[in-house]
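Visitor: Those letters in the sequence shown? Residues 3 to 133, per this note's numbering, in order.
Think of the CB as a built atom: it goes at the ideal place given N, C-alpha and C, for glycine as much as any other residue.
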Amino acid sequence: MNESPVEPGLWDMTITGTIHVPSANVNEPVHRNVHVCIQAHESPAEPFLPSKHGHCRITHAPMANGKEHWKIHCTAPHAVVNQVGWIQSLPQTLDSHWRITETITGPASYTTETTMQMRGTRIGPDCGSVR
Numbered sequence: 003m004n005e006s007p008v009e010p011g012l013w014d015m016t017i018t019g020t021i022h023v024p025s026a027n028v029n030e031p032v033h034r035n036v037h038v039c040i041q042a043h044e045s046p047a048e049p050f051l052p053s054k055h056g057h058c059r060i061t062h063a064p065m066a067n068g069k070e071h072w073k074i075h076c077t078a079p080h081a082v083v084n085q086v087g088w089i090q091s092l093p094q095t096l097d098s099h100w101r102i103t104e105t106i107t108g109p110a111s112y113t114t115e116t117t118m119q120m121r122g123t124r125i126g127p128d129c130g131s132v133r
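This is the structure:
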């Protein structure tokens with residue numbers, strides 16, 4: 003992967019979207035702000051990627067306009083999660099759009115479909131207690 007143009011430090015991320023559960027006719031809006039520490043030479047996607055301990059396959063490729071396309075496929079007993087999205091990162095800002103489909107195949111089978119947008123702004127170089 004190319005070196006990220008984002009400046010390391012503390013970032014404020016606004017996450018908005020909708021969680022849809024077709025079988026239950028549920029549409030739940032999502033809106034939250036989180037602070038994230040992006041380390042030097044770290045992709046802005048890194049804090050949001052699945053942990054290295056799961057059964058996940060992650061691929062990414064450059065797109066036009068400085069965007070990077072991501073596909074994440076994770077499996078667990080009784081669940082499959084697919085995420086497809088892109089991230090466009092600049093030194094002080096980032097924009098990201100995702101579609102996440104989670105299929106649960108346990109005793110209570112259902113599927114959730116989540117659309118999510120993340121917009122980030124760098125607050126400063128010091129992450130403080132955020133890691």
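Three-state secondary structure (DSSP) at G11?
Guide: DSSP places G11 in strand when its eight states are reduced to three.
Visitor: How many angstroms separate the CA atom of A63 from the CA atom of E70?
Guide: Computed Cα separation, rounded: 6 Å.
Visitor: Counting only runs that start and end within the segment 98–133, where is the beta strand (DSSP E) found for 3 or more residues in a row?
Guide: Counting whole runs of 3 or more residues, the segment 98–133 contains the beta strand (DSSP E) stretches 112–126.
Visitor: Reducing DSSP to helix, strand and coil, say where S91 ends up.
Guide: Here S91 sits in strand by DSSP.
Visitor: Helix, strand or coil: which one does DSSP assign to P79?
Guide: DSSP places P79 in coil when its eight states are reduced to three.
Visitor: In the DSSP assignment, find the unbroken beta strand (DSSP E) run with N67 in it and report its ends.
Guide: Where N67 is concerned, there is no enclosing beta strand (DSSP E), given that its DSSP letter is neither H nor E.
Visitor: Between which two residues does the beta strand (DSSP E) containing H33 stretch?
Guide: 28–40 is the span of the beta strand (DSSP E), which, as asked, contains H33.
Visitor: Measure the C-alpha to C-alpha separation of T188 and T16 and round it to an integer number of angstroms.
Guide: The structure shown does not extend to residue 188, since the chain is modelled only from 3 through 133, so no value can be given for it.
Visitor: For the pair the segment 78–86 and the segment 103–113, tell me if three or more CB-CB distances fall below 8 Å.
Guide: Touching, yes, given that three or more Cβ pairs across the two stretches are closer than 8 Å.
Visitor: Could you tell me the alpha carbon to alpha carbon distance between P11 and R34, rounded to whole angstroms?
Guide: The residue asked about is misnamed: residue 11 is Gly in this sequence, not Pro. Their backbone Cα atoms lie some 20 Å apart in a straight line.
Visitor: Since I believe Q119 is in contact with G19 (beta carbons under 8 Å), could you give me their beta-carbon distance rounded to a whole number of angstroms?
Guide: Sure, about 6 Å apart at Cβ, within 8 Å.
Visitor: In its own chain, which residues sit with a C-beta less than 8 Å from the C-beta of M65, not counting the 5 before and 5 after it?
Guide: These residues qualify, in order along the chain: H71, W88.
Visitor: Excluding the 5 residues flanking P127 on each side, which residues of the same chain have their C-beta closer than 6 Å to its C-beta?
Guide: Counting only Cβ-Cβ distances below 6 Å, and skipping sequence neighbours, we find G11.
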